[in-house]
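Enquirer:
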Amino acid sequence: MMDALGILATASVWAATLRIATPLIFGTLGTLLCERSGVLNLGIEGIMTIGAMVGWLTVYRSGDLWLGLFAAALIGALFGLIHAVFTVSLGLSQHVTGLGITLFASSLAYYTFRLAVPMAASPPTIVPFQPWRVPLLSDIPFLGEAIFVQAAPTYVAIILTVIVGYVLVYTPLGTAIRMTGENPHAVEAQGLNPIRIRIWSVVAGSALMGMGGAFLTIAVFNSFFPTMVQGRGWICTALVVFASWKPWKALLGAILFGLFDAYQLRLQQVVAGAIPSQIFLMIPYVLSIAALVVSTQRARVPQALMQPFRRGEH
Amino acid sequence: MVVHDPKEMSSAISVTDVDIRQREVLELYKITKTFGKLVANDDISFKVYEGELVALLGENGAGKTTLMNILFGHLLPDAGQVAVFGREMELGRPRAAIAAGVGMVHQHFTLANNLTVLENVMVGTEALNRVASDRAGGRRKLIALAEQFGLAVNPDAYVSDLSVGERQRVEILKALYRDARILILDEPTAVLAAPEAERLFSTLRTMAQKGLSIIFISHKLGEVMEASDRVIVLRAGRIVAERRTRDTDQATLAELMVGRRVNRPVRQRSEPGRVVLAAEQLGFIERGEVKLRDVNFTVRAAEVLGIVGVSGNGQAALGHVVCGIDPPTQGRLTLDGATMESSRTTASAGVGRIPEDRHAEGVVGEMAIWENAVLERIGENRFSRFGLVNRKGARAFAAELIRRFDIRGGDVDQQVRRLSGGNMQKLILGRNLAGQLRLLVANQPTRGLDEGAIASVHTELLAARASGTAVLLISEDLNEVCALADRIQVIFKGSLSAPLAAEAADARTLGLMMAGVWETAQ
Numbered sequence: 001m002m003d004a005l006g007i008l009a010t011a012s013v014w015a016a017t018l019r020i021a022t023p024l025i026f027g028t029l030g031t032l033l034c035e036r037s038g039v040l041n042l043g044i045e046g047i048m049t050i051g052a053m054v055g056w057l058t059v060y061r062s063g064d065l066w067l068g069l070f071a072a073a074l075i076g077a078l079f080g081l082i083h084a085v086f087t088v089s090l091g092l093s094q095h096v097t098g099l100g101i102t103l104f105a106s107s108l109a110y111y112t113f114r115l116a117v118p119m120a121a122s123p124p125t126i127v128p129f130q131p132w133r134v135p136l137l138s139d140i141p142f143l144g145e146a147i148f149v150q151a152a153p154t155y156v157a158i159i160l161t162v163i164v165g166y167v168l169v170y171t172p173l174g175t176a177i178r179m180t181g182e183n184p185h186a187v188e189a190q191g192l193n194p195i196r197i198r199i200w201s202v203v204a205g206s207a208l209m210g211m212g213g214a215f216l217t218i219a220v221f222n223s224f225f226p227t228m229v230q231g232r233g234w235i236c237t238a239l240v241v242f243a244s245w246k247p248w249k250a251l252l253g254a255i256l257f258g259l260f261d262a263y264q265l266r267l268q269q270v271v272a273g274a275i276p277s278q279i280f281l282m283i284p285y286v287l288s289i290a291a292l293v294v295s296t297q298r299a300r301v302p303q304a305l306m307q308p309f310r311r312g313e314h
Numbered sequence: 001m002v003v004h005d006p007k008e009m010s011s012a013i014s015v016t017d018v019d020i021r022q023r024e025v026l027e028l029y030k031i032t033k034t035f036g037k038l039v040a041n042d043d044i045s046f047k048v049y050e051g052e053l054v055a056l057l058g059e060n061g062a063g064k065t066t067l068m069n070i071l072f073g074h075l076l077p078d079a080g081q082v083a084v085f086g087r088e089m090e091l092g093r094p095r096a097a098i099a100a101g102v103g104m105v106h107q108h109f110t111l112a113n114n115l116t117v118l119e120n121v122m123v124g125t126e127a128l129n130r131v132a133s134d135r136a137g138g139r140r141k142l143i144a145l146a147e148q149f150g151l152a153v154n155p156d157a158y159v160s161d162l163s164v165g166e167r168q169r170v171e172i173l174k175a176l177y178r179d180a181r182i183l184i185l186d187e188p189t190a191v192l193a194a195p196e197a198e199r200l201f202s203t204l205r206t207m208a209q210k211g212l213s214i215i216f217i218s219h220k221l222g223e224v225m226e227a228s229d230r231v232i233v234l235r236a237g238r239i240v241a242e243r244r245t246r247d248t249d250q251a252t253l254a255e256l257m258v259g260r261r262v263n264r265p266v267r268q269r270s271e272p273g274r275v276v277l278a279a280e281q282l283g284f285i286e287r288g289e290v291k292l293r294d295v296n297f298t299v300r301a302a303e304v305l306g307i308v309g310v311s312g313n314g315q316a317a318l319g320h321v322v323c324g325i326d327p328p329t330q331g332r333l334t335l336d337g338a339t340m341e342s343s344r345t346t347a348s349a350g351v352g353r354i355p356e357d358r359h360a361e362g363v364v365g366e367m368a369i370w371e372n373a374v375l376e377r378i379g380e381n382r383f384s385r386f387g388l389v390n391r392k393g394a395r396a397f398a399a400e401l402i403r404r405f406d407i408r409g410g411d412v413d414q415q416v417r418r419l420s421g422g423n424m425q426k427l428i429l430g431r432n433l434a435g436q437l438r439l440l441v442a443n444q445p446t447r448g449l450d451e452g453a454i455a456s457v458h459t460e461l462l463a464a465r466a467s468g469t470a471v472l473l474i475s476e477d478l479n480e481v482c483a484l485a486d487r488i489q490v491i492f493k494g495s496l497s498a499p500l501a502a503e504a505a506d507a508r509t510l511g512l513m514m515a516g517v518w519e520t521a522q
């Protein structure tokens, strides 16, 4: 019998933390990229759902897990392009378009799933990504089991965080993206096209969201349910604010949320029966809101977020 | 880039014979641009030569900014061509303009506050597929340029931490970094205090001596006379005159710019009536900071009380308190003897208000002229019935304002943000003065306006006074206050001086008082 704090001393809670955090890392990173260019993407929930479906279906048909992840990125990018055409090229409301994308993509995911897979008593399954032991590092006592035995896409997510962080800070492209989110007129005055920068940022960000969704079906579970994203997209949208639009803080935020979730699962077993399980289910959300309240006091919002860019209008 | 030796050129040629010997660097040819029914630029052609400072003079709405936005590629003209160094430039693309050697310092700075100075300067200068930005090289080049032109700025400072003057330097450096040979500045002194403006013009002179050609937009005659070699005057979208600065004078330029002789109205004697507005020991504290302290004044019917002072001495708070937007934390404000209530009631009580920041507190830019015209009095029967807006009545009222107050730039359905500052101000004045007012509070009513608009605002303020309205004029412009006010009080650090009769006040005394000298004397 463990006590409540003893849970944190087990390697399994940390391993679970990273597993739970992975879709959030993908999603938060994607949202961050969109918003740094000045576009709110509330299509994330739907894009994750359809990414989950397409990723799963691709693996179901081809048996290739990496192809599934790639297909999910592709479908995410496609829906990102739709969002970008409406919000960036046509300058329509980012809220309305994003929610529309979420409704459309979620429904389309279920519809396509039903067309592709006949009704069955138990849903068809695939063989998902298995935990991969990183050579040498996974042999470190405690840390090895806690961090270095994960499904491969988890490492992809972490590496992508580093890449996105580097690109945003150190490359001409990243500087231009940050400028676009702050003042697209400045970008135009420097001879670049802010519309193009926004479109590609949204497309790339949405591809990441699609991958986040796919992680659920091809690494965490082995089948697809239409409701499986369960608000993770909205969590990502909040985590970006928590992260103050910085990739490394986004990674931290996602891991923190994953830890709360992994912790409450185990805490439920420790104090089973004494407290209703719903209370535990709330913990990650309550703690996340608390963290948001504390951290957003100093958050620096991209100043041109949600402002459509029209040429010749200052 | 065309390589030449600017030193040789500028030393050999004096300002007196600019257009005879110097090289032509820019030609605008038959540029025409319309926005709907409005012709912003009508068949405009002119040339600019190497090393000269050209002023583009015109009233608000004359089409100066539109023209320069076309030159820099922000806007595509309906017709016309631009040639730079004899080669035709592709229009409608800032990138093409930059490549041709044209740089622009925008009135609303095109800077990203979340980036450093260096990052702002470097965006767009490197291929986007580079794996790393060459910050070290960029920094070297930026520092060298800053030294060369005397534009001191810290490359690693975030733009959000810079003063307005520093931001403008960054804007100029951005253009120089792209090797601009022709520099456009859109109303560069609009945001600067006097010493900063002087410093800017001396920098521009240095740049011209190094062979750059500079076009600056302005509606201020003083700076045009002082800083330019040549003046191009624009009125209603057309070039009405081109003059060498040394061959002309302010009065001529003013007349050319406005199209008629501009005379500011002269205040006539009047007999002040009853006390309309009285402030007794007014105090106001905002976020723990004392903004107003023991403020006493009275404004009588058919009288202008001028409150003059250097910006930031409590004028904004005074304007808000008097208009009922913020309740005073101390003291009492009475209107015809009754204590003044909140802003909800002041408009219907016959109090007119010209706010300090017309964009933020005067008009709603996204709304049409007719909507803005009735915003403050939408509850009146003639503008709404049973909770529905009477559009016909509101439009008729707006059309009346447009006619009576000569508001230009569009019909009643025009979005207000498309109007020039002067026309916006006329709309605000007009909707206040359309009915009989007991009190008019005018806070910086002519800030940012051009000569013609200033004269018409002054005329309207004096007309209101003549009709018996009590006018409270809050202004930073000493000349304005001296010209309009019957009595003057100086505001300094939230306190008011004792009132001076206009006849007794001279500019020198008031200037000293604005610097706070009266406070120590008391």
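Order-wise, the sequence lines are chains A and B.
If you read the first sequence in the numbering used here, its first letter stands for residue 1, the second for the next number, and so on.
If you read the second sequence in the numbering used here, its first letter stands for residue 1, the second for the next number, and so on.
We treat Cβ as the ideally placed atom computed from N, Cα and C, and that holds for glycine.
#1: Between Pro155 of chain B and chain A, is the shortest Cβ-Cβ distance under 7 Å, so that the two count as touching?
#2: DSSP three-state call for Arg19 of chain A: helix, strand or coil?
#3: Determine the DSSP secondary structure at Leu38 of chain B, reduced to helix, strand or coil.
#4: Just mark Val481 of chain B as buried or exposed, buried being the case when its beta carbon has 16 or more other beta carbons within 10 Å.
#5: What is the DSSP secondary structure of Ser295 of chain A, reduced to helix, strand or coil?
#6: For the beta strand (DSSP E) that Leu440 of chain B lies in, which residues bound it at each end?
#7: In terms of residue numbering, what span does the beta strand (DSSP E) encompassing Arg310 of chain A cover?
#8: At what residues does the alpha helix (DSSP H) containing Ala157 of chain A begin and finish?
#9: Taking all protein chains shown into account, do 16 or more other C-beta atoms lie within 10 angstroms of the C-beta of Asp249 of chain B, making it buried, or fewer, making it exposed?
#10: Within a Cβ cutoff of 8 Å, which residues of the same chain sit near Pro284 of chain A, ignoring the five residues on either side of it in sequence?
#11: Going by C-alpha distance, which of B:Gly101, B:Gly516, B:Pro77 is nearest Val310 of chain B?
#12: Rounded to the nearest angstrom, what separates Gly191 of chain A and Thr180 of chain A at their Cα positions?
#13: Scan the stretch 147-174 of chain A for residues whose Cβ lies nearer than 7 Å to a Cβ of chain B and list them as they occur along the chain.
#14: Determine which residues share a DSSP beta bridge with Lys47 of chain B and list them.
#15: Could you tell me which chain A residues have their CB closer than 8 Å to the CB of Met122 of chain B, listed as they occur along the chain?
#16: In its own chain, which residues sit with a C-beta less than 8 Å from the C-beta of Trp77 of chain A, not counting the 5 before and 5 after it?
#17: Leaving out the 5 sequence neighbours to the left and right, which residues in its chain are closer than 6 Å to Val441 of chain B when beta-carbon positions are compared?
#18: Could you name the residues of chain A that Thr334 of chain B contacts, counting a contact when the two beta carbons are closer than 8 Å?
#19: Just verifying my parser: in three-state terms, what is the DSSP assignment at Ile235 of chain A?
#20: Short check: CB of Met48 of chain A to CB of Gly253 of chain A, under 7 Å?
#21: Excluding sequence positions up to five away, which residues of its chain have a Cβ less than 8 Å from the Cβ of Ala152 of chain B?
#22: Can you confirm whether the stretch 46-53 of chain B touches the stretch 201-221 of chain B when touching is taken to mean that 3 or more C-beta pairs between the two stretches lie within less than 8 Å?
#23: Does Met342 of chain A come within less than 7 Å of chain B when only Cβ atoms are used?
#24: For Trp315 of chain A, which beta-bridge partners are listed by DSSP?
#25: Should His74 of chain B go down as buried or exposed, given a rule of 16 or more other Cβ atoms within 10 Å for buried?
#26: Residues of chain A with CB closer than 8 Å to the CB of Val131 of chain B, please, in chain order.
#27: Using a C-beta to C-beta distance shorter than 7 Å, which residues of chain B count as neighbours of Gly144 of chain A?
#28: Quick test of your reading: Val84 of chain B and Leu28 of chain B, contact by CB under 8 Å. State the CB separation rounded to the nearest angstrom.
#29: Decide if Met282 of chain A is buried, meaning its Cβ has at least 16 other Cβ atoms within 10 Å, or exposed.
#30: Spatial neighbours of Ile177 of chain A within its chain, please: C-beta separation below 7 Å, excluding the five flanking residues on both sides.
#31: Report the partner residues of Gly352 of chain B according to the DSSP bridge assignment.
#32: Output the distance between the C-alpha atoms of Gly138 of chain B and Asn120 of chain B, rounded to the nearest integer angstrom.
#33: Give the C-beta separation of Glu223 of chain B and Phe201 of chain B to the nearest angstrom, bearing in mind that I take them to be a contact with Cβ-Cβ under 8 Å.
#34: Does Gly191 of chain A have its Cβ less than 7 Å from a Cβ in chain B?
#35: Go ahead and pull the three-state DSSP assignment for Val308 of chain B.
Expert: Well, looking at it:
#1: Here residue 155 of chain B refers to the residue found at position 155 when the second sequence is read from its first residue. For Pro155 of chain B, the answer is no, since every Cβ of chain A falls outside 7 Å of its Cβ.
#2: Taking the first sequence and counting its residues from 1, the one referred to as residue 19 of chain A is at position 19. When secondary structure is reduced to three states using DSSP, Arg19 of chain A falls in the helix class.
#3: Numbered from 1 along the second sequence, position 38 holds the residue referred to as residue 38 of chain B. For Leu38 of chain B, the secondary structure class from DSSP, reduced to helix, strand or coil, is strand.
#4: For this step, residue 481 of chain B is matched to residue 481 along the second sequence. Val481 of chain B sits buried, since 16 or more C-beta atoms from the chains shown fall within 10 Å of its C-beta.
#5: The residue given as residue 295 of chain A occupies position 295 in the first sequence. For Ser295 of chain A, the three-state secondary structure derived from DSSP is helix.
#6: On the second sequence, residue 440 of chain B is found 440 positions in, with the first residue counted as 1. It spans 439-443 - the beta strand (DSSP E) in which Leu440 of chain B sits, taken as one unbroken run.
#7: Taking the first sequence and counting its residues from 1, one reaches residue 310 of chain A at position 310. Segment: none, Arg310 of chain A is in no beta strand (DSSP E) and carries neither H nor E.
#8: The residue you call residue 157 of chain A lines up with position 157 of the first sequence. Following the DSSP letters along the chain, one finds Ala157 of chain A inside the alpha helix (DSSP H) bounded by residues 152-170.
#9: As a position in the second sequence, residue 249 of chain B is number 249, starting the count at 1. The C-beta of Asp249 of chain B has fewer than 16 other C-beta atoms within 10 Å across all chains shown, which makes the residue exposed.
#10: Sequence index remark: in the first sequence, residue 284 of chain A carries index 284 (1-based). Residues Phe257, Phe260, Asp261, Gln264 of the same chain have their beta carbon placed closer than 8 Å to that of Pro284 of chain A, with the five preceding and five following residues left out of the count.
#11: Here residue 310 of chain B corresponds to residue number 310 of the second sequence, with the count starting at 1. Of the listed residues, the one whose Cα sits closest to Val310 of chain B is B:Gly516.
#12: The count along the first sequence starts at 1 and reaches residue 191 of chain A at position 191. The count along the first sequence starts at 1 and reaches residue 180 of chain A at position 180. Distance between the alpha carbons of Gly191 of chain A and Thr180 of chain A: 12 Å.
#13: So the list reads Tyr170, Thr171, Pro172, Leu173, given in the order they occur along the chain.
#14: For the purposes of this step, residue 47 of chain B is taken as residue 47 along the second sequence, with counting starting at 1. Beta-bridge partners of Lys47 of chain B (DSSP): B:Glu27.
#15: For the purposes of this step, residue 122 of chain B is taken as residue 122 along the second sequence, with counting starting at 1. Contacts between Met122 of chain B and chain A, judged by CB atoms closer than 8 Å, involve Pro172, Thr175 in chain order.
#16: For the purposes of this step, residue 77 of chain A is taken as the residue at position 77 of the first sequence. Looking at the sequence shown, residue 77 of chain A is not Trp but Ala. The residues are Val203, Ala204, Ser206, Ala207, Gly210.
#17: Residue numbering aside, residue 441 of chain B sits at position 441 when the second sequence is read from its first letter. When the five nearest sequence neighbours on each side are left out, the beta carbons in the same chain lying within less than 6 Å of the beta carbon of Val441 of chain B are those of Val322, Cys323, Arg353, Leu472, in order along the chain.
#18: Position 334 of the second sequence, counting from 1, holds the residue named residue 334 of chain B. The premise fails here: Thr334 of chain B is roughly 42 Å from chain A at the closest Cβ pair, so nothing lies under 8 Å.
#19: The residue you call residue 235 of chain A lines up with position 235 of the first sequence. In this structure, DSSP gives Ile235 of chain A a helical state, which the three-state scheme calls helix.
#20: The residue you call residue 48 of chain A lines up with position 48 of the first sequence. The residue you call residue 253 of chain A lines up with position 253 of the first sequence. For the 7 Å CB-CB criterion, Met48 of chain A and Gly253 of chain A do not form a contact.
#21: Position 152 of the second sequence, counting from 1, holds the residue named residue 152 of chain B. Around Ala152 of chain B: Ala146, Arg169.
#22: Of all C-beta pairs linking the stretch 201-221 of chain B to the stretch 46-53 of chain B, three or more are shorter than 8 Å, placing the two stretches in contact.
#23: Residue 342 of chain A lies beyond the stretch modelled for chain A, which goes from 1 to 314, so this question has no answer here.
#24: As shown, chain A starts at 1 and ends at 314. That puts residue 315 of chain A outside it, with no answer to give.
#25: Here the question's residue 74 of chain B lines up with position 74 in the second sequence. Label assigned to His74 of chain B: buried.
#26: The residue labelled residue 131 of chain B in the question sits at position 131 within the second sequence. Within chain A, the residues Thr171 have their CB atoms less than 8 Å from the CB of Val131 of chain B, given in chain order.
#27: Sequence index remark: in the first sequence, residue 144 of chain A carries index 144 (1-based). For Gly144 of chain A, none of the residues of chain B pass the 7 Å Cβ criterion, the least Cβ distance being about 33 Å.
#28: As a first step, residue 84 of chain B must be located in the second sequence, where it is residue number 84. As a first step, residue 28 of chain B must be located in the second sequence, where it is residue number 28. Not really, about 10 Å apart at Cβ, beyond 8 Å.
#29: Against the first sequence, residue 282 of chain A aligns to sequence position 282. Exposed, because fewer than 16 other Cβ atoms sit within 10 Å of the Cβ of Met282 of chain A.
#30: The residue given as residue 177 of chain A occupies position 177 in the first sequence. Excluding its 5 nearest sequence neighbours in each direction, Ile177 of chain A has C-beta neighbours in its own chain below 7 Å: Arg36, Ser37, Leu168, Ile197, Ser201, listed in chain order.
#31: The residue you call residue 352 of chain B lines up with position 352 of the second sequence. B:Leu440, per the DSSP bridge assignment.
#32: For the purposes of this step, residue 138 of chain B is identified with residue 138 of the second sequence, where counting begins at 1. For the purposes of this step, residue 120 of chain B is identified with residue 120 of the second sequence, where counting begins at 1. Those two C-alpha atoms are separated by around 11 Å.
#33: By 1-based counting over the second sequence, the position of residue 223 of chain B is 223. By 1-based counting over the second sequence, the position of residue 201 of chain B is 201. About 7 Å separates the two Cβ atoms, so the contact holds.
#34: Residue numbering aside, residue 191 of chain A sits at position 191 when the first sequence is read from its first letter. Answer yes: the Cβ-Cβ gap between Gly191 of chain A and chain B drops below 7 Å somewhere.
#35: Along the second sequence, one-based indexing puts residue 308 of chain B at 308. Note: Val308 of chain B maps to strand in three-state DSSP.
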